[in-house]
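**Q** Just passing along the structure, written as structure tokens.
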Amino acid sequence: GITRYKADIMSIPGSASPLFLATAAAGAAATHQIDRSLRFDSGSSSYLSRTPSAASNRRTWTLSYWVKRTKLNTEVFLFSAAVSVNDRVHSYFASNNIFGVMGHNWYYTTGIYSRDPSAWQHHVIAWDTTQATATNRVKIYINGVLQDSTNFINVVHPAQNLETTVNSVANHQFSGRGYTAADYLDAYLAECILVDGQQLDCTSFGEFDDNNNWNPKAYSGSYGTNGFYLKFAD
1 GITRYKADIM SIPGSASPLF LATAAAGAAA THQIDRSLRF DSGSSSYLSR
51 TPSAASNRRT WTLSYWVKRT KLNTEVFLFS AAVSVNDRVH SYFASNNIFG
101 VMGHNWYYTT GIYSRDPSAW QHHVIAWDTT QATATNRVKI YINGVLQDST
151 NFINVVHPAQ NLETTVNSVA NHQFSGRGYT AADYLDAYLA ECILVDGQQL
201 DCTSFGEFDD NNNWNPKAYS GSYGTNGFYL KFAD
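This note's numbering puts the sequence shown at residues 1 to 234.
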């Protein structure tokens, strides 16, 4: 299971966001209700950690979560599956607030900034290194939009059939680098989902309403052997 460290469960704060309402405004599609988020505080080194007892599909998986930042202009790591600097998978915000995904000898630096502490942002990282076409191996969606060569600042694709630390017997962690105590998150996270064995697109986790707002949707598929869903209900 998931081990919790110094992270406080609480309701999503502030005014109700259309992203997190059970029913949207008139003329908009109904949305999936999210009751809770989890706040992470770098000053308390708060994080969630889990190490699978056995490895599963290390070549194909999908990670999905919603994030709302509480501190900007500092490098923070949202998700890590890591053993060392030479064996890792990270999603992160750089100190200039750009979102990226990286590992050893591969990386994706997007041109997407996260600079609004009042706004939720949805990330989907869909991985399948069995794909022969390099651009199909890692697909990154931000608020329902697939990122590609037109909005990547820097990109190096992973090798075909590369086995990652995700779904290995390694520390899987929300907030921080994982293999070392650094770069903890200042943000709220909600609807954290890992799907083992499938490369899914963003429509498995969200949908656009009639006003073109990206909203959460309940995931109804399998999580696989080492997959999970953290809804922070307890």
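The beta-carbon is built from N, C-alpha and C at its ideal position, and this holds for glycine as well.
(1) Identify the continuous beta strand (DSSP E) that holds D128 and give its terminal residues.
(2) In chain order, what residues of the same chain lie with their CB nearer than 6 Å to the CB of S80, ignoring the 5 residues before and after it?
(3) Decide if E191 is buried, meaning its Cβ has at least 16 other Cβ atoms within 10 Å, or exposed.
(4) Per DSSP, what kind of secondary structure is G224 in: helix, strand or coil?
(5) Roughly how many angstroms separate the alpha carbons of A26 and N211, rounded to a whole number?
(6) In this structure, does DSSP put S95 in helix, strand or coil?
(7) To the nearest angstrom, how far is the alpha carbon of A82 from that of H104?
(8) Does the distance from the CB of T130 to the CB of N161 come in under 8 Å?
(9) Mind checking Q199: buried by the 16 CB within 10 Å criterion, or exposed?
(10) Which word fits D196, buried or exposed, when buried means at least 16 other C-beta atoms lie within 10 angstroms of its C-beta?
(11) If we ignore side chains and look at the alpha-carbon of each, how far apart do I140 and W61 end up?
(12) Look up A134 in the DSSP assignment and say whether it is helix, strand or coil.
(13) Going by the DSSP bridge assignment, what does A82 pair with across the sheet?
(14) Is it true that the stretch 224-234 meets the stretch 32-45, where meeting means three or more beta-carbon pairs spaced less than 8 Å apart?
(15) Taking the alpha-carbon positions, what's the K68 to S118 distance?
(16) If you compare alpha carbons, which of I112, N136, D128 is closest to I153?
(17) If you compare alpha carbons, which of K217, R115, T150, S168 is closest to D186?
**A** Judging by the given coordinates:
(1) 121-128
(2) H90, Q173, R177, G178
(3) buried
(4) It is coil, neither helix nor strand.
(5) Its pLDDT being 39, under 50, A26 is placed unreliably by the model, and the measurement read from it follows with that caveat. Each residue's Cα considered, the two are about 10 Å apart.
(6) coil
(7) 10 Å
(8) yes
(9) It counts as buried.
(10) buried
(11) Per the coordinates, the alpha-carbon of I140 lies some 12 Å from the alpha-carbon of W61.
(12) helix
(13) R88, N171
(14) yes
(15) A direct Cα-to-Cα measurement between K68 and S118 gives close to 7 Å.
(16) Closest option to I153, judged by alpha-carbon separation, among I112, N136, D128: I112.
(17) R115
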